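Undergrad: After the structure tokens below, expect a handful of questions from me.
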Amino acid sequence: MQLPSALLEQAVAEFSKLPGIGKKTALRLVLHLLKQDPDKVRAFAESMVHMRTDTHFCQRCFNISDSLLCSICSNPMRKQEMICVVESIRDVIAIESTQQYNGTYHVLGGIISPLDGVGPDQLYIDQLIERTRTGDIKEIIFALNPTIQGDTTIYYIQKKLQPSEIRFTTIARGISFGGELEYADEMTLARSLQHRMPVDQLKV
Ligand SMILES: [Zn+2]
1 MQLPSALLEQ
11 AVAEFSKLPG
21 IGKKTALRLV
31 LHLLKQDPDK
41 VRAFAESMVH
51 MRTDTHFCQR
61 CFNISDSLLC
71 SICSNPMRKQ
81 EMICVVESIR
91 DVIAIESTQQ
101 YNGTYHVLGG
111 IISPLDGVGP
121 DQLYIDQLIE
131 RTRTGDIKEI
141 IFALNPTIQG
151 DTTIYYIQKK
161 LQPSEIRFTT
171 IARGISFGGE
181 LEYADEMTLA
191 RSLQHRMPVD
201 QLKV
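Right under this line is the structure:
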């Protein structure tokens with residue numbers, strides 16, 4: 001793509017580094033910004049930098065947060081004795097948008113997948129175990145993608161937490177095996193949470 005300005009070319013190159021953005025879309029976005037008031041473009045750029053530098057991981061659940069504890073962990077209306085274990089922050093967003101869950105979360109940062117070189121040590125599993133020791137946790141709901149790796153992760157964590165009085169459940173398999181949580185529609189996801197089942201019923 002031949003562009004009349006090196007600066008324009010640089011901006012297009014930066015946008016096309018984003019996932020799902022090809023060169024043509026990048027150019028369309030850059031040309032859109034070019035038409036805007038410079039102050040608006042500065043505000044846009046600054047909000048990106050602020051987002052990157054000023055957000056943290058919640059020190060309890062590893063959700064994205066603007067402070068040490070995220071808005072869910074620090075909310076006294078949420079059931080702190082209930083932890084929903086998810087793979088990523090995108091799953092927290094997906095479950096929150098169902099408005100059907102009133103407990104807390106624990107973001108693992110991935111799932112155990114030996115083929116991809118991901119072992120338990122690379123995930124926030126120890127921190128989850130620590131939470132069950134220091135807090136009065138009554139139930140752990142596993143809301144992981146229904147795949148071999150997801151089931152292996154559930155099995156591993158549950159074994160690590162034995163013996164325990166905690167009730168272990170997993171979301172109902174309304175979501176197809178091999179499917180991805182974040183792409184499920186809200187109804188299916190909400191139903192899966194309502195009809196969660198004991199982990200014992202999983203066939204690993
Ligand atoms: Zn949190």
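In UniProt numbering, the protein residues as written are 1 to 204. The beta-carbon is built from N, C-alpha and C at its ideal position, and this holds for glycine as well. Here the structure is a predicted model, which is why all the values come from computation and not from measurement.
Sort 187, 186 and 151 by Cα distance to residue 198 and report the nearest one.
TA: 151
Undergrad: Can you tell me whether residue 103 is helix, strand or coil according to DSSP?
TA: strand
Undergrad: For the beta strand (DSSP E) holding residue 82, just list the boundary residues, first then last.
TA: 79-86
Undergrad: Closest by CA to residue 182, which one among 159, 127 and 93?
TA: 93
Undergrad: Tell me which residues share the same chain as residue 129 and place their Cβ nearer than 7 Å to its Cβ, disregarding the 5 neighbours each side in the sequence.
TA: 160 and 161
Undergrad: Is the beta carbon of residue 3 within less than 7 Å of some heavy atom of ligand 1?
TA: no
Undergrad: Going by beta carbon distance, what residues of the same chain come within less than 6 Å of residue 62, once the five residues before and after it are set aside?
TA: 107 and 124
Undergrad: For the segment 32-42 against the segment 72-84, do three or more pairs of beta-carbon atoms, one drawn from each stretch, fall closer than 8 Å, so that the two count as touching?
TA: no
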